[in-house]
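Asker: Provided herewith is a single structure, encoded as structure tokens, for subsequent inquiry.
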Amino acid sequence: MSGPEVLVVGGGLHGLSAAFHLARRGRRVRVLEAGHLARHASGFSAGGVRTLGRHPAEIPLALEALDLWHRIGELVGEDCGFRASGQVKVAESAADLTVLEERAAALRAGGYTHEEVVDAAGLRRLLPAVAPHVVGGMVARRDGFASPYRTSLAFGRAARALGAEIVEGARVIAAGRRGGLWHLRTADGAEHAAPVLVNAAGAWGARLARHIGETIPLGFNAFMMMLTARMPAFVTPVVGATSRPISFKQAETGQVMIGGGHKGVGSLDTGATALDVERLAYSARTALELFPVLAETRIVHAWAGIEGVTPDDLPVIGASGLHDGVIHAFGFCGHGFELGPVVGDIVAQLATQGFTNRPIAAFAPGRFGGPAGAGTGAALPQPAG
Amino acid sequence: MRDYDLAVTGAGPAGMAAAMEAASLGLSVLVLDEQPAPGGQVFRAVEAAGCDPALAGEFLDAGAALARDFRAALHPGGEVEYSPRSTLWHVDIATGVISVLREGASEEIRVSRLLLATGAQERPVPIPGWTLPGAMGAGAAQILLKTAGAVPQGPLVIAGQGPLTWLLAVQLLRAGAGPVTLLETGGKGALWDAFRAGGLWTGRRLLTKGLALVREAKRRGLKVVRGVRELRAEGEGRVQRVRWAGGEMACDTLLLHEGVIPSTHVSRALGLEHRWDEAQRCWRPVLDEWGATSHGLVAVAGDGGGIGGWEAATATGRIAAIDAARRLGRLPEAEAERRAAPHRARLAAALALRPFLDRLYAPAPEVLVPRDDATIVCRCEEITAGQVREAARLGATGPNQAKAYLRAGMGPCQGRMCGTTVAALIAAERGIPIGEAGALRPRAPFKPLTVGELAALPLETVA
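Sequence order for the protein chains is A and B.
With the working numbering applied, the first sequence has no gaps in its numbers, which climb one by one up to 385 at the end.
With the working numbering applied, the second sequence has no gaps in its numbers, which climb one by one up to 463 at the end.
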């Protein structure tokens, strides 16, 4: 038989990375993408390649992924726009600095040295244009940024070159298991079947799970981003803050990208997003307070991208607790881009050998109250199920 | 938050006509315009032009009358509020709250209906060398003439086609520019093809106007070269000459023009339904006979809905205003129909010649799809036609994907200059119709605003 051995739902970075790693292992893979590749978070992300400030459970994966990023060209055949610019989190008060120092101490106790506290003078060597009130910060020097869309397409191309099939415009509307195969029907009437199903449907992941009777609590956010006109180079690393949401970087073109967690409005049904102007203004104010040099710079684009968010702000990665042959990898809560190169490999391990050597217990699909549990749904911004 | 029945963006012919009509129907109207004075592009700065002989004719006669009537409708305590030097930069289409930038501060305003009267923009003409200093759009040169009385010195070449090339040639010659050469890019046989489109009798008044212009241009010594293809601009650091298949000419200034296209930046950013118009080789919003779009909040009038010229624009502006009153319950259905009828008749007359003009001045294929891979397509990011073709081969299926991939359209012009070219290049490379490649979806802000201006927005609810 020549049908696929694995069906991957979702043509974002995680689905394409999974397809790539499966194809490398010689598996016949078919990716079903509802729209076009990297249509949502994978195309709209700010593209931070960040180990800095990760939840402890994510650190091992983030560090392994970072090694892959440093040789991404060997992996997928192009550099994906990756630049090891470093990432910095600024401390705007003594209290902020204490938070960072405590975190650094805790990390050291766990054997991690990738995050490093710097004092006010050290910080200004990294960020000469930073506002005077900033008292120090934390730096992860091997971190950086990349182009999310280019990265996603590069994984897709590499997967195709290894024989993976990628079908765009294939929106899954029904799923079920018959005769040992997962059968998916798409909106155009086509049927797809394979023994293994990978759910990499991003913010739509919980909907796909529900199609097969599995309830996983998932909300979504429409994270907003702004891009300015070119300005003279004034900041190299990607910048965040300790006690307020902001993410900030200057590309090689001189354009500055401002993002970091302020939410617009989105619809899972249409995929459409809209800006929340007041919250956008709040982001602009934060950026301006950190870098007064921005005042006269023109904002040329602002947008919002839909991203799945879980109640504990950690992704869903792992085999289904309910069904055989189902592997979930979705709901990355706005910080999944950096993990892409390694999560695909984890999915491939789970799909081909049934286990992984990476620590993923914290991401178990069943952690919210049993495989078929309703979950608490607490703190979900906009329910995405 | 201020509140209006109708906000009109653009104080050109369509916007002015719509505002006057809406006010006469008792609607409260806010007219936003980026320019310091009414007129739009076609009648730009018409109030200040006085009786400048270079601009004599329809520009001064009709344009000044329109602006005068519009000003008269702005009497104190009246229903029309006119806000010049104001930029619409965001619309929350679900709530009808619009964000307007004026004098360095942003304000949010609630509207019951929004009329986009954003007019036309010049079709970008991406020939090799079009980004050299000294090369610019003919429309841009006309703006300089209208607002600053600026007349380029030295040998000047106008290259392209369309009524504006002749009008501008005449205006520049009257103003003392020279010598002026017109390189006409129209295809052989276009005239006969155009005759078959008909409309010549109904449109005879416009046609007569055009013929008079051609006569005056020739009398004033305009040199005309016809059938020009494969045009390129060359020079060290600036334009010094133009070359074409079978000829070349030294010049200090090159004014390019291949007609105008609807300015659909805002309507596309709002996600309204658009279709590719093969006759006019441009995107246009899908509109009903009242100018209503696919969204209940928004209507479009004037050239922004399809190129028709200023007389058609005033008619569609009036019709859209009548529809706004009807939708807001201020005008019964039958009364709306009755009131719109004369404007529909004027519209039909104004558009009669359009199929003829569209065929006569259809841009050559290479205007939409530059042949030379080295030709710059996106001026802001200096992206070439070859890079766009490469992105298409690598999987970019339309201009939105190319934007994410190449950053084409992410510069300060926000894709106004490259959006259509990128779509056409990708469509050609993939062997699909342009309509299938899709229109570039611009993002807010519709016009750039500074970080400082955005940060100064009064915050009501965000902690």
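Note that beta-carbon positions come from the ideal geometry of N, C-alpha and C, so glycine has one too.
Bear in mind the structure is a predicted one, so any value in this text is a computation, not a measurement.
Where do the N-terminal and C-terminal ends of the alpha helix (DSSP H) with Y282/A fall, by residue?
Answerer: 277-290 is the span of the alpha helix (DSSP H), which, as asked, contains Y282/A.
Asker: Are the C-beta atoms of R171/A and some chain B residue less than 8 Å apart?
Answerer: Cβ-Cβ to chain B under 8 Å: no for R171/A.
Asker: By the DSSP assignment, the beta strand (DSSP E) with T421/B in it spans what residues?
Answerer: No beta strand (DSSP E) holds T421/B; the alpha helix (DSSP H) holding it covers 419-430.
Asker: Hey, does G452/B have any beta-carbon neighbour from chain C nearer than 8 Å?
Answerer: Absent from the structure is chain C; the protein chains it does hold are A and B.
Asker: Give the residues from the region 236-260 of chain A that approach chain B closer than 9 Å (Cβ to any Cβ), ordered along the chain.
Answerer: Answer in chain order: A251, T253, Q255, V256, I258.
Asker: Distance check for K447/B and T87/B, CA to CA, integer angstroms please.
Answerer: Whole-angstrom Cα-Cα distance: 7 Å.
Asker: Locate the beta strand (DSSP E) running through N199/A, then write down its first and last residues.
Answerer: From DSSP, the beta strand (DSSP E) with N199/A extends over 196-199.
Asker: Can you pull the chain B residues whose beta carbon is under 7 Å from the beta carbon of L288/A, in chain order?
Answerer: What L288/A touches in chain B: V451, G452, A455.
Asker: Using the rule of at least 16 other Cβ atoms within 10 Å of the residue's Cβ for burial, across every protein chain shown, is D324/A buried or exposed?
Answerer: Flag for D324/A reads exposed.
Asker: What residue range does the alpha helix (DSSP H) around W166/B cover?
Answerer: Per DSSP, W166/B belongs to the alpha helix (DSSP H) from 163-174.
Asker: Between which two residues does the alpha helix (DSSP H) holding Y405/B run?
Answerer: Residues 399-406.
Asker: Taking the Cβ atom as the reference point for each residue, do L270/B and V91/B lie within a distance shorter than 8 Å?
Answerer: A contact, by the Cβ cut-off of 8 Å.
Asker: To the nearest angstrom, how far is the alpha carbon of R44/B from that of M16/B?
Answerer: When rounded, the distance between both Cα atoms is 13 Å.
Asker: Rounding to the nearest angstrom, what Cα-Cα distance links S42/A and E108/B in this structure?
Answerer: If you take the alpha carbons of S42/A and E108/B, they lie about 32 Å apart.
Asker: For the region 292-303 of chain A, list every residue whose C-beta sits within 7 Å of some C-beta in chain B, in sequence order.
Answerer: Correct list: L294, A295, E296, T297, R298, I299, V300, H301, A302, W303.
Asker: Tell me, please, whether the region 284-297 of chain A touches the region 214-225 of chain A by the rule of three or more beta-carbon pairs shorter than 8 Å.
Answerer: Touching, no.
Asker: Would a check of beta-carbon distances place P445/B closer than 8 Å to chain A?
Answerer: Chain A contact via Cβ: present.
Asker: Can you tell which of S85/A, M138/A, F82/A has the C-alpha that lies nearest to the C-alpha of E92/A?
Answerer: Of the candidates S85/A, M138/A, F82/A, the one whose C-alpha sits nearest the C-alpha of E92/A is M138/A.
Asker: Under 8 Å, Cβ to Cβ, is there at least one residue of chain B near R185/A?
Answerer: Not closer than 8 Å to any Cβ of chain B, the Cβ of R185/A fails to qualify, so no.
Asker: Would you decide whether P315/A is buried or exposed? Buried here means 16 or more other CB atoms lie within 10 Å of its CB.
Answerer: Buried, since its Cβ has 16 or more Cβ neighbours within 10 Å.
Asker: Taking G235/B as the reference, which of G104/B, P128/B, A341/B has the closest Cα?
Answerer: The option with the nearest alpha carbon to G235/B is P128/B.
Asker: Under DSSP, the beta strand (DSSP E) around S106/B begins and ends at which residues?
Answerer: Segment 105-116, the beta strand (DSSP E) holding S106/B.
Asker: For S267/A, which of helix, strand or coil comes out of DSSP?
Answerer: The answer is coil: DSSP assigns S267/A none of H, G, I, E or B.
Asker: Would the region 196-204 of chain A count as touching the region 325-333 of chain A if we require 3 or more Cβ pairs under 8 Å?
Answerer: With a cut-off of 8 Å, the region 325-333 of chain A and the region 196-204 of chain A count as touching, because enough Cβ pairs lie within range.
Asker: When the cut-off is 8 Å and only beta carbons count, does L37/A lie next to chain B?
Answerer: At least one chain B Cβ lies under 8 Å of L37/A.
Asker: Can you look up D312/A in the DSSP assignment and give me helix, strand or coil?
Answerer: Here D312/A sits in coil by DSSP.
Asker: Can you check whether the CB of H40/A is closer than 8 Å to the CB of G261/A?
Answerer: It is not a contact, given that the beta carbons lie outside the stated cut-off.
Asker: In the DSSP assignment, the beta strand (DSSP E) including V180/B goes from what residue to what residue?
Answerer: Unbroken beta strand (DSSP E) run through V180/B: 180-184.
Asker: Using only alpha-carbon positions, find the residue among D252/B, A408/B, A391/B that is nearest to E429/B.
Answerer: Comparing Cα-Cα distances from E429/B to each of D252/B, A408/B, A391/B, the minimum goes to A391/B.
Asker: Measuring alpha carbon to alpha carbon, tell me which of G179/A, P292/A, A187/A, A154/A ends up nearest L37/A.
Answerer: Of the candidates G179/A, P292/A, A187/A, A154/A, the one whose C-alpha sits nearest the C-alpha of L37/A is A154/A.
Asker: For A94/A, I'd like the list of residues in its chain whose CB is within less than 8 Å of its CB, leaving aside the five on either flank, ordered along the chain.
Answerer: Excluding residues within five positions, the ones whose Cβ falls inside 8 Å are V135.
Asker: Apart from the five residues just before and just after L459/B, which ones in its own chain have a Cβ nearer than 8 Å to its Cβ?
Answerer: Same-chain partners within the cutoff: there are none.
Asker: What do you reckon, are the CB atoms on V151/B and A177/B nearer than 8 Å?
Answerer: Against a cut-off of 8 Å, the Cβ pair of A177/B and V151/B comes out as a contact.
Asker: According to the neighbour-count rule (16 or more other Cβ atoms, all chains shown, within 10 Å of its Cβ), is A378/A buried or exposed?
Answerer: At A378/A, the pLDDT of 36 sits below 50, so the modelled position is not reliable; the number obtained from the coordinates is stated separately. Under this definition A378/A is an exposed residue.
Asker: Kindly list the residues whose CB is nearer than 8 Å to the CB of L231/B, restricted to its own chain and excluding five residues on each side of it in sequence; keep chain order.
Answerer: I127, A159, L183, T185, V242, R243, W244.
Asker: Y149/A lies in the alpha helix (DSSP H); which residues open and close that run?
Answerer: Residues 148-161.
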